[in-house]
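Student: Everything in the sequence shown is counted per my numbering, starting at -14 for the first residue and increasing by one.
Glycine included, C-beta positions come from ideal geometry on N, C-alpha and C.
A quick note: this is a predicted structure, and the numbers were derived from the prediction, not measured.
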Amino acid sequence: MTVPQEKLLISVEDYLESEKHSNVRYEYLDGQVFAMAGESKRHNRIAGKLVQLFGNHLENTNYDVYFESVKMKTSATKYYYPDVVVTCDENDEDDYNIENAVLVIEVLSPSTERIDRAEKLIAYKKMPSLRECILTYENRVFVQIHRKIDAETWAVENYYDLESMIKLDSIDYEISISEVYRNIVFPPVEEDLS
-14 MTVPQEKLLI SVEDYLESEK HSNVRYEYLD GQVFAMAGES KRHNRIAGKL
36 VQLFGNHLEN TNYDVYFESV KMKTSATKYY YPDVVVTCDE NDEDDYNIEN
86 AVLVIEVLSP STERIDRAEK LIAYKKMPSL RECILTYENR VFVQIHRKID
136 AETWAVENYY DLESMIKLDS IDYEISISEV YRNIVFPPVE EDLS
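See below:
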């Protein structure tokens, strides 16, 4: 009979120190670390476009836009790498971590959708500072916005067409879905042959 191996847990302090020197990004969940997968060109273009649009809009304000390589602390034992994060907190002085995001964006791919929609979204919504969270798909036109109504209530809005406009209250910005997906070539839709 084999005895199951115990999972090796590392401290938050050891994780944070090792991340400063690592060539691979790892997310930290309750003592365990998980390597981040690479992303598609489509995923990267969408995230890059949002960084560009938000950065231009927020220039000369107290807001900062970060992407992919800056960790976000959602609790004492959870650190994630959102695709795009916006903060407006002068107390976020740590060079490597964000604690007070107002807006988070995740670009969903087939390999990340389950974790992004469940685990990460739940953790993000527990952050007191967060006002909006956007989930946008890389393989089709679909944007979902989660807006905080109060500490316990979030409204969800879904957008499926390129002509739709979305208003982001957290950064006082209106954007068309067509801007999010400009120059994105979607993969062919697989037919159901059953």
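1) Return yes when the Cβ of R27 is within less than 7 Å of the Cβ of Y66, no when it is not.
2) By DSSP, does D135 sit in helix, in strand, or in coil?
3) Let me know if E123 comes out buried or exposed under the rule of 16 or more other beta-carbons within 10 Å of its beta-carbon.
4) Find the nearest neighbour of A61 within the set F19, A32, M112 and E4, judged by alpha-carbon distance.
5) If I31 and V92 are in contact, beta carbons under 8 Å, what's the gap, nearest whole angstrom?
6) Suppose the cutoff is 7 Å on Cβ atoms and the five residues either side in sequence are ignored; what does the same chain contact list for A140 look like?
7) In the DSSP assignment, find the unbroken alpha helix (DSSP H) run with D(-1) in it and report its ends.
8) Counting C-beta neighbours from all protein chains within 10 Å, is the total for L(-7) 16 or more, i.e. buried, or is it exposed?
9) What residue range does the alpha helix (DSSP H) around G105 cover?
10) I think V71 touches S155, with their Cβ atoms under 8 Å apart; what is that distance to the nearest whole Å?
11) With a CB to CB cut of under 6 Å and the five nearest residues on each side skipped, what residues in its chain are close to Y51?
12) Return the chain-ordered ranges of every beta strand (DSSP E) run that is complete within the region 50 to 133 and spans a minimum of 3 residues.
13) Rounded to a whole number of angstroms, what is the C-alpha to C-alpha distance between G16 and S96?
14) Three-state secondary structure (DSSP) at I162?
Tutor: The structure says:
1) One-based indexing of the sequence shown puts residue 66 at position 81. One-based indexing of the sequence shown puts residue 27 at position 42. Contact flag unset, no.
2) As a position in the sequence shown, residue 135 is number 150, starting the count at 1. Reduced to three states, the DSSP call for D135 is strand.
3) Counted from its first residue, the sequence shown places residue 123 at position 138. Looking at its Cβ environment, which holds 16 or more other Cβ atoms inside 10 Å, E123 is buried.
4) Numbered from 1 along the sequence shown, position 76 holds the residue referred to as residue 61. Comparing Cα-Cα distances from A61 to each of F19, A32, M112 and E4, the minimum goes to M112.
5) Numbered from 1 along the sequence shown, position 46 holds the residue referred to as residue 31. Numbered from 1 along the sequence shown, position 107 holds the residue referred to as residue 92. For I31 against V92, the beta-carbon gap comes to about 5 Å, under 8 Å, which counts as contact.
6) Position 155 of the sequence shown holds residue 140. Leaving aside the five residues that flank A140 on each side, the residues in its chain whose CB is nearer than 7 Å to its CB run, in chain order, R132 and I134.
7) Within the sequence shown, numbered from 1, the residue matching residue -1 stands at position 14. It spans V(-3) to E4 - the alpha helix (DSSP H) in which D(-1) sits, taken as one unbroken run.
8) Within the sequence shown, the letter at position 8 stands for residue -7. By the neighbour-count rule (16 or more Cβ atoms within 10 Å), L(-7) is not buried but exposed.
9) Here residue 105 refers to the residue found at position 120 when the sequence shown is read from its first residue. Correcting the residue type first, residue 105 is Lys in the shown sequence and not Gly. Unbroken run through K105: none, as it is neither H nor E.
10) As a working mapping, residue 71 is identified with position 86 in the sequence shown. As a working mapping, residue 155 is identified with position 170 in the sequence shown. That belief holds up - the Cβ atoms of V71 and S155 are roughly 7 Å apart, short of 8 Å.
11) Counting from 1 along the sequence shown, the entry for residue 51 is found at position 66. Close CB contacts of Y51 within its chain, under the 6 Å cut and outside five residues either way in sequence, are with V70 (chain order).
12) The DSSP assignment places complete beta strand (DSSP E) segments of no fewer than 3 residues inside the region 50 to 133 at 56 to 60, 63 to 65, 69 to 72, 86 to 93 and 117 to 122, in order along the chain.
13) Here residue 16 refers to the residue found at position 31 when the sequence shown is read from its first residue. Here residue 96 refers to the residue found at position 111 when the sequence shown is read from its first residue. Computed Cα separation, rounded: 23 Å.
14) Taking the first residue of the sequence shown as position 1, residue 162 is located at position 177. Correct three-state label for I162: helix.
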